[in-house]
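J.: Take 338 as the starting number for the sequence shown in the numbering used here and just add one per residue. Below are the structure tokens for one structure; questions will follow.
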Amino acid sequence: MNATSRRTFLAGAAAAWPAATGWGQERAAAAPDGGRRVVPGSPYPTFSRATIFNGTVYVSGVLGQTPGTRDLVSEDFEPQCRQAMENLKASVEAAGSSMSHVLKCQCFLTDSGDFATFNKVYVTYFPSDPPARSTVIVKELVARGARIEIDCFAALP
């Protein structure tokens with residue numbers, strides 16, 4: 338078997354392994370062409386929960402919503418912040434990664450007065466070696482009453 342045939346065989350075997358074993362059925366399905374994969378579970382029809390390409394996970398913006406719904410957990414910032422971080426973590430894990438592999442977060446707050454509370458919650462998810470981060474204060478978010486939105490990029494382990 339030449340090197341090209343061996344690579345083709347190994348690529349096919351690697352792609353078939355999750356389906357054959359049932360591993361990762363709740364995670365992103367492998368793309369048949371090895372390209373972009375979509376992580377299921379978005380409550381919105383207009384965007385994916387996350388996508389994976391070339392070993393990087395791109396997580397869509399998450400809010401402080403009860404999982405599987407569009408309902409905010411509270412009007413208050415701290416509960417929304419904690420839930421947004423939990424939703425971010427769930428999306429990262431559904432893609433097959435972990436919070437320790439997050440490379441960058443982009444955070445949007447609607448009130449600069451919430452920044453200290455945000456940092457207090459944020460560090461509980463990244464207690465050491467935190468990822469790169471941008472935090473922007475915005476006038477409002479698309480979901481009425483939402484006070485925080487976070488997205489991220491993560492590496493696959």
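We treat Cβ as the ideally placed atom computed from N, Cα and C, and that holds for glycine.
Below 8 Å on the Cβ atoms is my guess for residue 490 versus residue 394; work out the distance and round it to an integer in Å.
T.: 7 Å between Cβ atoms; contact.
J.: For the putative contact between residue 388 and residue 373, defined by C-beta atoms under 8 Å, what is the C-beta separation to the nearest angstrom?
T.: Going by Cβ atoms, the distance from residue 388 to residue 373 rounds to 6 Å, so yes, they are a contact pair.
J.: In this structure, how does DSSP classify residue 441 when only helix, strand and coil are distinguished?
T.: The answer is strand: DSSP assigns residue 441 an E or B state.
J.: Ignore the nearest five residues each way along the sequence and tell me which others in residue 426's own chain have a CB closer than 8 Å to its CB.
T.: Cβ within range, chain order: 436 and 462.
J.: Flag this pair as touching only if the stretch 479–486 and the stretch 438–455 have three or more C-beta atom pairs under 8 Å; answer yes or no.
T.: Taking 8 Å as the limit for Cβ pairs, the verdict is that the stretch 438–455 does touch the stretch 479–486.
J.: So, for residue 496: in the same chain, excluding its five sequence neighbours on each side, which residues have a beta-carbon less than 8 Å away from its beta-carbon?
T.: A query on residue 496 cannot be resolved here, the shown segment of the chain reaching from 338 to 494 and no further.
J.: Using the rule of at least 16 other Cβ atoms within 10 Å of the residue's Cβ for burial, across every protein chain shown, is residue 492 buried or exposed?
T.: When all chains shown are included, residue 492 counts as exposed.
J.: So, for residue 412: in the same chain, excluding its five sequence neighbours on each side, which residues have a beta-carbon less than 8 Å away from its beta-carbon?
T.: So the list reads 482, once near-sequence residues are dropped.
J.: Pair every Cβ in the stretch 395–405 with every Cβ in the stretch 417–431, then say whether three or more of these pairs are closer than 8 Å.
T.: Taking 8 Å as the limit for Cβ pairs, the verdict is that the stretch 417–431 does touch the stretch 395–405.
J.: Compare the beta carbon distance of residue 415 and residue 458 with 9 Å and say whether it is the shorter of the two.
T.: In this structure, residue 458 lies closer than 9 Å to residue 415 by Cβ.
J.: Tell me the residue span of the beta strand (DSSP E) that contains residue 386.
T.: Residue 386 -> no beta strand (DSSP E), and no H or E assigned at all.
J.: By the 10 Å Cβ neighbour count, where 16 or more other Cβ atoms means buried, how is residue 392 classified, buried or exposed?
T.: The residue in question, residue 392, is exposed, as its Cβ has fewer than 16 Cβ neighbours within 10 Å.
J.: Using DSSP with H/G/I as helix, E/B as strand and the rest coil, what is residue 406?
T.: Reduced to three states, the DSSP call for residue 406 is coil.
J.: Classify residue 471: buried if its beta carbon has 16 or more other beta carbons within 10 angstroms, exposed otherwise.
T.: With fewer than 16 other Cβ atoms within 10 Å, it is exposed.
J.: Could you give the first and the last residue of the continuous beta strand (DSSP E) run that contains residue 475?
T.: Looking at the DSSP string, residue 475 is not in any beta strand (DSSP E), and its letter there is neither H nor E.
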